[in-house]
Amino acid sequence: MTDLASRGPAIEFDQASFRLNGRPILNEISLSVQPGETVVLLGRSGSGKTSALKLINGLQLPTSGEVRVNGRRTQDWDPIELRRGIGYVIQEGGLFPHYTIERNISLVPRIEGWDEKRVQDRVRELLAMVRLSDDVSSRYPSELSGGQRQRVGIARALAADPPILIMDEAFGALDPITRSEMQKEFLELRQRMRKAVIFVTHDLREALLVGDRIALLEEGRLIANLTPGEFEDSQNSIVRAYMEAFSDPAAVRRWA
Amino acid sequence: MTFWHFIVTNRAQVLDLTVEHIMLAGVATLIAAIVGIPLGILITRVPRLSKPVLGSANVIQTIPSLALFGFLLPAPWLGERAGRLAIFALALYGLLPLIRNTYTGIRTVDPTLLEAGRAMGLTDRQLLFQVELPLASGVIIAGLRIAAVLSIGVATIAAAIGAGGLGEFIFRGLAMVNNQVILAGAIPAALLALAVDTLLGLLERRLNAVGMRS
């Protein structure tokens, strides 16, 4: 999968639009993510964040325009090969309940035919990376806490060392304390990984904390694509509405 | 002559008929599983087939067993041997629970797990064998259990067309108006059904315990 880590943007939306049953979901989005960069997709439910992710891993194809992953249009990729090069983390980890932690983490490496020793070494390395002790490997997801499951979810996504990582509301189901721990650990982890990361959230605080850039989606349109500093100072009305919503508890209630 | 006396004096025949009964019901259930589970999987993949397939299996289920044996009697190859015909008819009965449970079991797998699997780059085949079937296995075994118990019960009627099995005692007892002889067929058949039900029930519980770990 090293051929994925070429030069140029890892992910590139080029005037990409997406319609579902005639309904416009995404409207001429242009956005790129460089290797080593974290771009936050921020937006409300229904703003098109999830569809944008599906365009990246080829679960959907753009109706017009292009989405390129490592320079190649998603429709030109073998979808299986494309997805194996993209680590995918979802809420609660999305772990398979019938597999032990070890099997969950090693699923893709095993499918890819790694030998047993390499698999075992990798699992141990990943557990250490997400700060879990070795003895969780024989346990089942139901025996872990939400935060632990989330860590396993990250370890699983990183298992085959994909150059791209997608975090889809990954920390959304965690309690605030665990959540903030995970955010800090993610920042440390990111330093060491140098991956292109797309981080989807509707939490502005999280976006400002983890993003190199924040891409704000509203009704399928890209409203802003700014660094956290620029985002905070922006005069754009929708960006302002977002900033105010998160600084004023009453406004948060209006937005929810 | 008491029931026990009858069993003891005819133990060789009781044993023979029990073995025959197990063969009839066992082979029929096996065939039902070999046909029903893939059919159940197929209709999760081709949804427009689900109604006709489930509907047909449902209709078969409503045909009274004695009538089904009768209908099949003139069928070419099948009608030649009573055992063959009985196994075929019993397998038909076993289809519905197996198709339906396989279908339901797979359809009720948490869609976020399927999406996670697909996003990880699992192929349809890997998704089926690594995620869907293991998570549906408890429900599928429940279908197998229903099919097996049903088959053991209906197999007693197969004696009416000369297919043997414990039903022979029942029909003979009916003709002789002798309850002891009826019981010599009915009790072993009931025990057989209970045993199979318990064994598969244990397996089902084990598999569900794994599937429920979420």
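For the record, the sequence lines run as chains A and B. Last residue of the first sequence: 256 (the working numbering), numbering continuous. Last residue of the second sequence: 1214 (the working numbering), numbering continuous. Using N, Cα and C, we set each Cβ at its ideal position, and we do this for glycine too.
Identify, in the order they occur along the chain, each residue of the same chain with its Cβ nearer than 7 Å to the Cβ of L226 of chain A, setting aside the five sequence neighbours on each side. For L226 of chain A, where only same-chain residues beyond five positions count, the Cβ hits under 7 Å are R213, I214 and S234.
Measure the alpha-carbon distance for T50 of chain A versus S180 of chain A and round it to whole angstroms. T50 of chain A and S180 of chain A: Cα-Cα distance of roughly 23 Å.
Determine whether the beta carbon atoms of G1185 of chain B and L1150 of chain B lie at a separation below 8 Å. Cβ distance not < 8 Å, so G1185 of chain B and L1150 of chain B don't count as in contact.
Take I154 of chain A and list the residues in its own chain whose beta-carbon comes closer than 6 Å to its own, dropping the five residues that flank it on each side. Only V89 and V130 meet the Cβ criterion.
Given a cut-off of 8 Å, decide if A1057 of chain B and L1096 of chain B are closer than it, judged by their beta-carbon atoms. Cβ distance < 8 Å, so L1096 of chain B and A1057 of chain B count as in contact.
Expressed to the nearest angstrom, what Euclidean distance is found between the alpha-carbon atoms of T63 of chain A and Y242 of chain A? Cα-Cα distance, rounded: 29 Å.
Which class does S1056 of chain B belong to by DSSP, given the choice of helix, strand or coil? Reduced to three states, the DSSP call for S1056 of chain B is helix.
Give the residues from the segment 1084 to 1096 of chain B that approach chain A closer than 7 Å (Cβ to any Cβ), ordered along the chain. For the segment 1084 to 1096 of chain B, there are no residues whose beta carbon sits under 7 Å from a beta carbon of chain A.
Mind checking who G1153 of chain B pairs with in its DSSP beta bridge? G1153 of chain B pairs with nothing; no bridge assigned.
Is it right to say E1168 of chain B is buried, meaning 16 or more other beta carbons lie within 10 angstroms of its own, or is it exposed? Burial call: buried.
Chain-ordered residues of the segment 80 to 99 of chain A with a beta carbon less than 7 Å from chain B: Taking 7 Å as the Cβ-Cβ cut-off, the segment 80 to 99 of chain A approaches chain B at I80, R83, R84, Y88, I90, G94, F96, P97 and H98, given in chain order.
Determine the direct distance from the alpha carbon of L1192 of chain B to that of Q1180 of chain B, and round the result to whole angstroms. If you take the alpha carbons of Q1180 of chain B and L1192 of chain B, they lie about 18 Å apart.
Pop quiz: M182 of chain A and Q150 of chain A are said to be a contact at Cβ under 8 Å. What is the actual Cβ separation, rounded to whole angstroms? Indeed, because the Cβ distance is near 6 Å, the residues count as touching under 8 Å.
For G1138 of chain B, which of B:V1008, B:P1111 and B:L1203 has the nearest alpha-carbon? Of the candidates B:V1008, B:P1111 and B:L1203, B:L1203 places its Cα closest to the Cα of G1138 of chain B.
Tell me which residues share the same chain as D3 of chain A and place their Cβ nearer than 6 Å to its Cβ, disregarding the 5 neighbours each side in the sequence. At D3 of chain A, the pLDDT of 49 sits below 50, so the modelled position is not reliable and the matter cannot be decided from this model.
Of the residues that make up the segment 1119 to 1142 of chain B, which ones have a beta carbon closer than 8 Å to any beta carbon in chain A? Hits within the stretch, in order: A1119, M1120, G1121, L1122, T1123, Q1126, Q1130, V1131, P1134 and L1135.
From I1157 of chain B to D1197 of chain B, what distance separates their C-alpha atoms? In a straight line, the C-alpha of I1157 of chain B is about 20 Å away from that of D1197 of chain B.
What are the partner residues of Y88 of chain A, as DSSP defines its beta bridges? According to DSSP, which records beta bridges pairwise, Y88 of chain A is partnered with A:I166.
Looking only at its chain, what residues have a beta carbon closer than 6 Å to the beta carbon of E1132 of chain B, apart from the 5 residues adjacent to it on each side? If the five residues before and after E1132 of chain B are omitted, its C-beta is found closer than 6 Å to the C-beta atoms of I1106 and V1109, all from its own chain and listed in chain order.
Looking only at DSSP bridge pairs, what is I198 of chain A linked to? Beta-bridge pairing by DSSP links I198 of chain A to A:V39 and A:I166.
Would you report the Cα separation of N21 of chain A and Q60 of chain A, rounded to the nearest angstrom? About 13 Å.
Give me the chain A residues within the contact set of L1113 of chain B, using Cβ-Cβ distance strictly less than 7 Å, ordered along the chain. Under the 7 Å cutoff, chain A gives G94 and F96.
Between A173 of chain A and G146 of chain A, is the Cβ-Cβ spacing less than 8 Å? Yes; because the gap between Cβ atoms is below 8 Å, this pair is in contact.
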